[in-house]
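Visitor: Protein chains in written order, with the working numbering: chain A, 356 to 482; chain B, 86 to 870.
Just so it is clear, CB atoms sit at the ideal spot from N, CA and C, and this is done for glycine as well.
Input: one structure, supplied below.
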């Protein structure tokens with residue numbers, strides 16, 4: 356089963372995405388901030404990370420940079436989820452090392468597509 | 086002390102030219118002197134030659150004469166022959182020419198030779214005498230022989246030779262002197278000439294070098310400034326025209342640099358404004374997207390659930406719907422806040438001033454906040470001093486302000502204490518409100534940003550604590566609109582204290598086109614005092630009737646109830662349309678105040694239900710809304726319309742007019758908005774006049790078109806010229822309708838003779854409205870008209 360790590364501090368959005376993704380057959384781990392996410396990644400590596408950018412304790416950009424800086428998690432796919440919708444926000448997320456970017460409110464089918472693409476790509480690279 | 090003259094370029098050039106000309110003149114003079122001397126020397130030589138020649142010829146003539154006389158004397162002695170008269174004359178002639186020859190030497194005599202010459206003349210004259218006698222007395226035999234004359238002749242000859250030799254020496258000496266002078270002047274001329282050339286060359290060189298150097302500096306400066314280095318200053322080395330030019334150039338570059346700085350500054354300001362706008366939009370977008378994400382996400386999920394599983398886990402669905410609802414509400418709050426901010430920023434936010442007891446409102450808020458405080462384990466305490474006067478300000482905004490501060494305090498404090506401290510600063514005449522909490526507090530940089538739109542102390546705060554981040558920005562703006570001030574102190578981890586200062590007494594908003602005068606200031610104060618008295622009077626009055634308030638907002642409802650009770654009505658309340666309709670049917674109120682924006686059944690629906698039912702059709706309904714829906718409301722059968730927040734006086738007037746049996750008539754009051762006007766309106770309403778107001782000629786015209794007016798009041802801040810204009814409009818109107826409405830001019834001060842003459846109105850139509858002592862004329866007038 357594909358395991359996703361959802362990093363989102365907004366309780367409502369976390370609940371909503373967890374339930375919707377679970378229903379689509381994913382196994383979801385949820386973290387409320389960047390620091391927690393890093394700890395969870397250390398404990399057990401997910402297949403992909405969905406990450407909000409405005410996070411308490413450690414924000415999404417820093418968290419993503421740290422994921423990229425660690426050789427073990429270097430290749431871990433990360434999709435940024437953010438309510439910042441300006442062009443430069445997208446660039447900022449990609450610069451931080453995110454593989455893809457999607458704005459809130461989330462277009463769910465598009466998000467699924469992005470997850471699928473990234474997972475396929477990663478599998479190919481891995482094999 | 087004399088200051089040395091400025092060594093300007095012109096002065097330098099002038100001095101150079103004068104020096105050259107002076108030297109040139111000097112050269113000429115010396116040359117002239119030398120050439121004169123040369124001429125003198127030539128003359129001298131010529132004279133010397135002439136005098137030598139003269140001397141030689143004199144010597145010859147003297148010797149000839151001597152010989153001739155000696156011969157004649159010998160002849161006379163030997164032959165005794167007489168001389169003819171002709172021969173005697175010839176001899177005398179010879180003597181004369183000899184004398185002339187000697188006299189001709191006189192011009193050549195030098196001072197050195199003068200003595201010798203005089204001696205010569207003296208001797209010669211004596212000789213000449215003797216010779217003359219010889220010739221004259223030749224034919225006379227008694228004349229002695231001339232022999233003895235020989236001695237005189239020799240002396241004369243000797244003196245002539247002496248004179249000759251002295252003359253030669255003197256001439257030589259003279260010539261030598263002249264030659265020396267000529268040589269000297271020649272030397273001087275040459276020296277001056279050479280000096281002039283040297284001076285001209287060096288002055289020219291210096292001038293060229295100096296001018297070049299200054300111009301080079303200037304050129305270097307212009308190139309640098311031209312290249313954009315506006316800070317560069319050309320060094321000012323000379324106090325002359327080029328120096329002046331340099332100074333002027335530096336000043337010009339300074340001005341240019343200042344202008345550039347200003348342009349730069351405005352550009353930065355514009356850029357900053359643009360950035361803030363972009364930031365605002367980005368923030369706005371972010372803030373809107375966050376709740377929308379939940380709304381869309383949950384809605385989609387519910388649809389999916391329903392479609393895919395064909396059944397709904399009801400409990401789950403309700404929970405999700407509630408999340409959608411709360412996100413929606415958050416969104417609405419956000420939009421309202423943004424609109425509020427926009428309204429404030431565009432200057433469209435109005436302040437509705439009224440007299441209110443701030444402690445009442447605070448106590449009411451404590452009740453509202455109690456459940457929220459309880460949830461976070463907080464204790465709210467009110468500490469107040471007893472001397473706080475009633476405030477004349479915007480009560481609704483005051484309430485919103487304190488509510489916001491209290492809910493913020495509750496939001497950021499867990500199991501702590503929130504204190505409201507209300508006091509009165511008599512010195513500054515300010516009511517002071519402190520709202521303190523023992524919550525998380527803020528850092529210095531957070532304090533700096535706390536009143537800025539969309540900035541919560543920490544950007545993650547909104548997620549943790551909720552809120553739009555606009556509340557404090559709005560509060561700050563509100564306080565400023567209310568002519569107060571707001572401040573914050575905070576210590577991280579210890580808590581935060583917000584302090585609000587509000588003017589305790591009359592906040593007079595001067596009518597825009599009236600000149601505020603001391604009189605008016607006093608008047609407005611009086612009105613307030615008076616309205617306070619009135620309030621207490623009204624409290625004692627019997628109930629005027631039942632009024633039902635239907636409004637979902639508890640705060641607005643409470644405020645209206647309070648007003649109604651103060652006006653002497655018995656107030657009923659309902660927090661939704663359903664209950665409201667039920668109460669209306671059961672209690673049969675005299676009037677219903679209906680809010681338009683309500684959940685479930687909105688005001689419009691409620692209105693149609695009320696108007697359709699037999700039981701409630703006759704009850705007048707006054708609509709109240711944030712939006713101006715007056716026309717639509719009146720079309721649907723409402724009695725009046727009140728814009729929210731409801732102005733107390735406006736409401737009181739509206740309520741009174743609903744008792745048709747008491748209505749006296751329609752009064753039109755043409756005056757700008759002012760406290761005095763409101764006071765007059767109140768008086769009219771007290772006497773059951775239906776009042777209409779207009780602030781301009783055009784508006785007055787409109788009012789007269791709308792309704793038949795029974796009485797017109799003009800004044801209280803309208804300018805004299807405008808009054809005349811309005812009078813003209815009214816009379817045109819009345820001619821059209823063939824009506825004659827009484828017109829009264831209302832003034833705070835007695836009119837001068839000149840003023841009343843210009844208005845051309847009978848004196849009894851001019852009323853002095855002095856609100857401090859109720860005007861009995863007016864009272865009588867509006868009670869009897």
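Can you list the residues of chain B that residue 372(A) reaches, using a CB-CB cut of under 8 Å?
Guide: The count along the first chain starts at 1 and reaches residue 372(A) at position 17. Within 8 Å Cβ-Cβ: 382.
Visitor: Between the Cα of residue 440(A) and those of 392(A), 459(A), 454(A), spot the shortest distance and give me the residue it belongs to.
Guide: Along the first chain, one-based indexing puts residue 440(A) at 85. Measuring from the Cα of residue 440(A), the nearest candidate turns out to be 459(A).
Visitor: When the Cα atoms are used, what is the spatial distance from residue 105(B) to residue 99(B)?
Guide: For the purposes of this step, residue 105(B) is identified with residue 20 of the second chain, where counting begins at 1. For the purposes of this step, residue 99(B) is identified with residue 14 of the second chain, where counting begins at 1. Those two C-alpha atoms are separated by around 10 Å.
Visitor: Looking only at C-alpha atoms, which of 573(B), 588(B), 162(B), 379(B) sits nearest to residue 475(B)?
Guide: As a working mapping, residue 475(B) is identified with position 390 in the second chain. Of the candidates 573(B), 588(B), 162(B), 379(B), the one whose C-alpha sits nearest the C-alpha of residue 475(B) is 588(B).
Visitor: Could you name the residues that DSSP lists as bridge partners for residue 439(B)?
Guide: Walking along the second chain from the start, residue 439(B) turns up at place 354. According to DSSP, residue 439(B) bridges with 478(B).
Visitor: Inspect the beta-carbon positions of residue 682(B) and residue 691(B) and report whether they are closer than 9 Å.
Guide: What you label residue 682(B) is simply residue 597 of the second chain in a count that begins at 1. What you label residue 691(B) is simply residue 606 of the second chain in a count that begins at 1. No, the Cβ-Cβ distance between residue 682(B) and residue 691(B) is not below 9 Å.
Visitor: Closest to residue 757(B) by C-alpha separation, out of 808(B), 794(B), 793(B), would be which residue?
Guide: Indexing the second chain from 1 puts residue 757(B) at position 672. Of the listed residues, the one whose Cα sits closest to residue 757(B) is 808(B).
Visitor: Use the C-beta contact count for residue 375(B): other C-beta atoms within 10 angstroms, 16 or more gives buried, fewer gives exposed.
Guide: In the second chain, the residue the question calls residue 375(B) occupies position 290. It is buried - the Cβ of residue 375(B) has at least 16 other Cβ atoms within 10 Å.
Visitor: Would a C-beta distance cut-off of 9 Å place residue 359(A) and residue 461(A) closer than the cut-off?
Guide: Residue 359(A) sits at position 4 when you count from the first residue of the first chain. Residue 461(A) sits at position 106 when you count from the first residue of the first chain. Taking 9 Å as the Cβ cut-off, residue 359(A) and residue 461(A) do not qualify as a contacting pair.
Visitor: Are the C-beta atoms of residue 609(B) and some chain A residue less than 9 Å apart?
Guide: For this step, residue 609(B) is matched to residue 524 along the second chain. Only weak support exists for where residue 609(B) lies, its pLDDT of 37 falling under 50; the value from the coordinates is given anyway. It does not: the Cβ of residue 609(B) has no partner Cβ on chain A nearer than 9 Å.
Visitor: Taking beta-carbon pairs under 7 Å, can you tell me which members of the segment 479 to 506 of chain B lie near chain A?
Guide: Here the close residues number zero.
Visitor: To which residues of the same chain is residue 483(B) closer than 8 Å at the C-beta, ignoring the five residues directly before and after it?
Guide: Counting from 1 along the second chain, the entry for residue 483(B) is found at position 398. Here the set comprises 441, 443, 446, 476, 567, 587.
Visitor: Hey, is residue 422(A)'s beta-carbon within less than 9 Å of any beta-carbon in chain B?
Guide: Counted from its first residue, the first chain places residue 422(A) at position 67. False, the Cβ-Cβ gap to chain B never drops below 9 Å.
Visitor: Using three-state DSSP, classify residue 626(B) as helix, strand or coil.
Guide: Position 541 of the second chain, counted from the start, is the residue given in the question as residue 626(B). Note that residue 626(B) scores a pLDDT of 39, beneath 50, so its modelled location is shaky; the value from the coordinates is reported in the next line. Residue state, collapsed to three classes: coil.
Visitor: Express the C-alpha separation of residue 517(B) and residue 751(B) in angstroms, rounding to a whole number.
Guide: Residue numbering aside, residue 751(B) sits at position 666 when the second chain is read from its first letter. Residue numbering aside, residue 517(B) sits at position 432 when the second chain is read from its first letter. Rounded to whole angstroms, residue 751(B) to residue 517(B) spans 43 Å at the Cα level.
Visitor: For residue 469(B), name the three-state secondary structure that DSSP assigns.
Guide: Within the second chain, residue 469(B) is the residue found at index 384, counting from 1. Note: residue 469(B) maps to strand in three-state DSSP.
Visitor: Which same chain residues, not among the five before or five after residue 558(B), have their C-beta less than 7 Å away from its C-beta?
Guide: As a position in the second chain, residue 558(B) is number 473, starting the count at 1. Same-chain partners within the cutoff: 426, 536, 537, 538.
Visitor: So which of 460(B), 438(B), 456(B), 496(B) has the shortest CA-CA distance to residue 479(B)?
Guide: Taking the second chain and counting its residues from 1, the one referred to as residue 479(B) is at position 394. Out of 460(B), 438(B), 456(B), 496(B), 438(B) has the C-alpha closest to the C-alpha of residue 479(B).
Visitor: Residue range of the alpha helix (DSSP H) that residue 131(B) falls in?
Guide: Residue 131(B) sits at position 46 when you count from the first residue of the second chain. Note, residue 131(B): alpha helix (DSSP H), 94 to 164.
Visitor: Taking 9 Å as the CB-CB cut-off, is residue 419(B) touching chain A?
Guide: Within the second chain, numbered from 1, the residue matching residue 419(B) stands at position 334. Chain A contact via Cβ: absent.
Visitor: Under 9 Å, Cβ to Cβ, is there at least one residue of chain A near residue 586(B)?
Guide: The residue given as residue 586(B) occupies position 501 in the second chain. Not an interface residue.
Visitor: Whose Cβ in chain D lies nearer than 9 Å to the Cβ of residue 386(B)?
Guide: The structure shown has no chain D; the protein chains it does contain are A and B.
Visitor: Restricting to Cα atoms, I'd like to know which of 485(B), 256(B), 653(B), 463(B) is closest to residue 499(B).
Guide: Sequence index remark: in the second chain, residue 499(B) carries index 414 (1-based). Among 485(B), 256(B), 653(B), 463(B), the Cα nearest to that of residue 499(B) belongs to 463(B).
Visitor: Can you find at least 3 beta carbon pairs, one from the segment 639 to 654 of chain B and one from the segment 690 to 705 of chain B, that sit closer than 8 Å?
Guide: In short, these stretches do not touch, since the Cβ pair count stays below three.
Visitor: Roughly how many whole angstroms lie between the Cα atoms of residue 432(B) and residue 361(A)?
Guide: Working through the second chain from its first residue, we reach residue 432(B) at position 347. Working through the first chain from its first residue, we reach residue 361(A) at position 6. When rounded, the distance between both Cα atoms is 45 Å.
Visitor: Can the beta-carbon of residue 473(B) be found less than 9 Å from the beta-carbon of residue 521(B)?
Guide: By 1-based counting over the second chain, the position of residue 473(B) is 388. By 1-based counting over the second chain, the position of residue 521(B) is 436. Against a cut-off of 9 Å, the Cβ pair of residue 521(B) and residue 473(B) comes out as no contact.
Visitor: Which bits of chain A does residue 873(B) rub up against, with CB to CB less than 9 Å?
Guide: In this structure chain B extends from 86 to 870, so residue 873(B) is not present and cannot be described.
Visitor: Less than 9 Å between CB atoms is the rule here; does residue 389(B) satisfy it with respect to chain A?
Guide: Counting from 1 along the second chain, the entry for residue 389(B) is found at position 304. By this cut-off, residue 389(B) is an interface position.
Visitor: Cα-Cα, which of 415(A), 382(A), 376(A), 473(A) is closest to residue 432(A)?
Guide: Locating residue 432(A) in the first chain gives position 77, where the first residue counts as 1. The option with the nearest alpha carbon to residue 432(A) is 473(A).
Visitor: Closer than 8 Å is the cut-off here; do at least three beta carbon pairs connect the segment 406 to 424 of chain A with the segment 445 to 452 of chain A?
Guide: Yes: the two stretches touch, three or more of their Cβ pairs being nearer than 8 Å.
Visitor: Examine chain B for any beta-carbon lying closer than 9 Å to the beta-carbon of residue 365(A), and answer yes or no.
Guide: As a position in the first chain, residue 365(A) is number 10, starting the count at 1. At least one chain B Cβ lies under 9 Å of residue 365(A).
Visitor: Would residue 504(B) and residue 532(B) qualify as a contact pair, given that the criterion is a beta-carbon distance under 9 Å?
Guide: As a working mapping, residue 504(B) is identified with position 419 in the second chain. As a working mapping, residue 532(B) is identified with position 447 in the second chain. No, the pair does not count as a contact, with Cβ atoms beyond the cut-off.
Visitor: Where residue 767(B) and residue 368(B) are concerned, what is the direct C-alpha to C-alpha distance, given to the nearest angstrom?
Guide: For this step, residue 767(B) is matched to residue 682 along the second chain. For this step, residue 368(B) is matched to residue 283 along the second chain. Going by the C-alpha atoms only, they are around 47 Å apart.
Visitor: Inspect the beta-carbon positions of residue 555(B) and residue 419(B) and report whether they are closer than 9 Å.
Guide: Locating residue 555(B) in the second chain gives position 470, counting from the first residue. Locating residue 419(B) in the second chain gives position 334, counting from the first residue. It is a contact, given that the beta carbons lie within the stated cut-off.
Visitor: Once the 5 residues before and after residue 408(A) are set aside, which same chain residues still bring their CB inside 7 Å of it?
Guide: By one-based count along the first chain, residue 408(A) stands at place 53. So the qualifying residues of the chain are 414, 415, 416, 435, 437, 439, 448.
Visitor: Measuring alpha carbon to alpha carbon, tell me which of 390(A), 412(A), 381(A), 442(A) ends up nearest residue 401(A).
Guide: Taking the first residue of the first chain as position 1, residue 401(A) is located at position 46. Ranking the options by Cα distance to residue 401(A), first place goes to 381(A).
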